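Following: one structure in structure tokens, then a few remarks.
Residue numbers (the working numbering): 6 to 584.
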């Protein structure tokens, strides 16, 4: 039964009966009447007290002094229909009788709580509670359908949520037993704005099914449509049909998908699908009330698990932050990762993972330092293997010795010994780590002795650059930039100093023509000697270029791997964080 404001009233559990003009109704039991708690087109509900049993009940009676026999029959029919529907969500009928004026009344369990309409208007109730209540309503309606009864006026104002978890389906005044063929006329029609009026349609526009709005015979599918309309309102926070013109849009049809109507809300696709099926224009395409309840309950069962997962994820995020503050990076990342597994859509977990990964202020963990050192050692071995062949190429001059004019065999032998030492130290680096100091010393020996071949200004600088390309990638020297500077200065100045003090024979001088550079190993002879020197210089430049290309390619491949891993990591994060 609808209240005076168009919704069923909220009945606080401590409401005391207030005695109106008519203090009692006398039948087999005398009821002490209290305030009016609901009023509809043909009847009203009062709070009453049963002095025999000592309990408060709700008493429903006809309004007006002389109701027609048709309204009386319909009133009694409502009481009998409600009495035969024994379900926890349907208030049981206690008594049916006539008062001292001969007017019918019936009493039923007094329910206290808040209507679904009031809760939806307030917008403060958790969606899960409303969905659970709707499942109870659907089960109660399914019981009615199994007794061949169709409610025909299901709507939020006819659903009461009790103070202790109870749910009630109210107002069975326009219900129909499907076996009935002689149905009373003059039913109540209530609009969405709560105004009660008399008309030829049964139900409430906005919640009644299309076939019901067309005046056709209704089936249980009409109640399912009303369930779908209430589910739509719970999910979206708005009515399925506009408050003005609801009858027209019911007949024309509207978009029944909550997800498409309110895309800003995170509506579960499972509930969206249930809603769309329940609101099908064709009554034959709608599910039964039981199937509707089962589908919503299945979501709630999963949603409870999801809620537990969200709680666990929140706890793990807090645990991760505490571990990060304590300097336990492994524990922090582990907890954050587990949080993301429990709740993949967690923004907090996603943000925390990003923060932990990109945080460069945290020290490198000891176990990671060992892994990095091992990886760098492998990289040194790979680069050393690549350097063996360029070093060996320096021996290509040996087959040409019979055709060259050698001036100092001792200097030539010393240069080749230096090259052999360079090959050996590079090869040794492919097997085991060699101290950086020893490596640099051997390379400097090669560079100094190479100045004996063509002087300090030809070919030797190219060799020094090649050695620098390789040495600058050594992990230990990256942090010791000064060692690279000292080594380079030594390679450039030591040969000059040794020539200045007379240890080495001079290999250059300045005259009127400019800078003259010459070696101490070969004597300028035929043009073949010059060709060999030119070819050697060109080959040295090519080798340096190819070696630099190899280093650049390795860096490019490493960068690609980093970018690929970053992209894969982004796909694991919520979409708003991976952008």
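Ideal Cβ placement from N, Cα and C applies to all residues, glycine included. Because the structure is a prediction, the values reported are computed rather than measured.
Does the beta-carbon distance from residue i to residue j come in below 8 Å?
| i | j | result |
| --- | --- | --- |
| residue 522 | residue 462 | yes |
| residue 234 | residue 86 | no |
| residue 124 | residue 139 | no |
| residue 633 | residue 161 | The chain is shown only over 6 to 584; residue 633 falls outside these bounds and no answer can be derived. |
| residue 245 | residue 238 | yes |
| residue 498 | residue 504 | no |
| residue 510 | residue 455 | no |
| residue 166 | residue 119 | yes |
| residue 159 | residue 212 | yes |
| residue 358 | residue 345 | yes |
| residue 214 | residue 288 | yes |
| residue 479 | residue 441 | yes |
| residue 490 | residue 398 | no |
| residue 261 | residue 281 | yes |
| residue 173 | residue 96 | yes |
| residue 255 | residue 247 | no |
| residue 450 | residue 423 | yes |
| residue 88 | residue 77 | no |
Quick one: residues in its chain with C-beta nearer than 6 Å to the C-beta of residue i, no 5 flanking neighbours on either side, listed in chain order?
| i | result |
| --- | --- |
| residue 416 | 457, 525, 526 |
| residue 41 | 49, 51 |
| residue 61 | 54, 115 |
| residue 178 | 83 |
| residue 571 | none |
| residue 192 | Low confidence applies here, because residue 192 scores a pLDDT of 41, under 50, leaving its location unreliable; read the following figure in that light. Excluding residues within five positions, the ones whose Cβ falls inside 6 Å are 179, 207. |
| residue 448 | 472 |
| residue 370 | 334 |
Nearest to residue i by alpha carbon, out of the options?
| i | options | result |
| --- | --- | --- |
| residue 390 | 102, 555, 109 | 555 |
| residue 438 | 236, 279, 382 | 382 |
| residue 176 | 231, 91, 83 | 83 |
| residue 296 | 378, 386, 145, 270 | 145 |
| residue 229 | 262, 290, 248, 251 | 290 |
| residue 218 | 77, 81, 250, 242 | 250 |
| residue 411 | 71, 44, 528, 267 | 528 |
| residue 377 | 481, 284, 422 | 481 |
| residue 286 | 240, 73, 319, 258 | 258 |
| residue 366 | 330, 284, 385 | 330 |
| residue 459 | 256, 539, 518 | 539 |
| residue 385 | 483, 77, 133 | 483 |
| residue 560 | 573, 388, 156 | 388 |
| residue 307 | 508, 106, 58, 133 | 133 |
| residue 100 | 375, 305, 57 | 57 |
| residue 106 | 69, 92, 129 | 69 |
| residue 332 | 361, 35, 485 | 361 |
| residue 129 | 303, 242, 569, 418 | 242 |
Taking residue i and residue j to be in contact with their CB atoms under 8 Å, please state how far apart those CB atoms are, rounded to whole angstroms.
| i | j | result |
| --- | --- | --- |
| residue 445 | residue 492 | 5 Å |
| residue 225 | residue 293 | 7 Å |
| residue 465 | residue 452 | 6 Å |
| residue 496 | residue 469 | 5 Å |
| residue 264 | residue 274 | 7 Å |
| residue 272 | residue 321 | Going by Cβ atoms, the distance from residue 272 to residue 321 rounds to 27 Å, so no, they are not a contact pair. |
| residue 64 | residue 38 | 7 Å |
| residue 94 | residue 168 | Wrong, their Cβ atoms sit about 15 Å apart, outside the cutoff. |
Residues in its own chain within less than 8 Å of residue i by CB, not counting five upstream and five downstream?
| i | result |
| --- | --- |
| residue 301 | 136, 139, 140, 143, 236, 276, 279 |
| residue 150 | 225, 228, 293, 294 |
| residue 552 | 391, 392, 395, 471, 474, 475 |
| residue 127 | none |
| residue 72 | 47, 80, 108 |
| residue 567 | none |
| residue 546 | 467 |
| residue 157 | 179, 180, 181, 207, 208, 213, 217, 223, 227, 228 |
| residue 26 | Caution is warranted here: a pLDDT of 46 is assigned to residue 26, below 50, making its placement in the model unreliable, and the coordinate value is therefore given only provisionally. Cβ neighbours of residue 26 beyond the five flanking positions: none. |
Taking 7 Å as the limit between beta carbons, can you name the residues of its chain near residue i, skipping five residues before and five after?
| i | result |
| --- | --- |
| residue 328 | 336, 337, 340 |
| residue 21 | Since pLDDT at residue 21 reaches only 42, below the 50 mark, its modelled position is unreliable, and the value read off the structure follows with that caveat. Here the set comprises nothing. |
| residue 514 | 521 |
| residue 318 | 344, 347, 348, 351, 354 |
| residue 92 | 145, 148 |
Comparing the C-beta of residue i with each C-beta of chain B, is any distance below 8 Å?
| i | result |
| --- | --- |
| residue 499 | Structure shown: chain B not included; a single protein chain is present. |
3 or more residues per run - each beta strand (DSSP E) lying fully within the segment 112 to 173: 118 to 120, 164 to 167
| field | Inside the segment 44 to 124 only - alpha helix (DSSP H) runs reaching at least 4 residues | value | 74 to 88
**OP:** Give, in chain order, every unbroken run of the alpha helix (DSSP H) that is at least 4 residues long and sits entirely within the segment 344 to 426.
**Re:** 352 to 363, 371 to 397
Contained alpha helix (DSSP H) runs [length at least 4] in the segment 435 to 480, N- to C-terminal order:
441 to 459, 465 to 476
Report task. Enumerate, from N- to C-terminal direction, the unbroken alpha helix (DSSP H) stretches of 4 or more residues contained entirely within the segment 196 to 256. Result -> 215 to 218, 225 to 241
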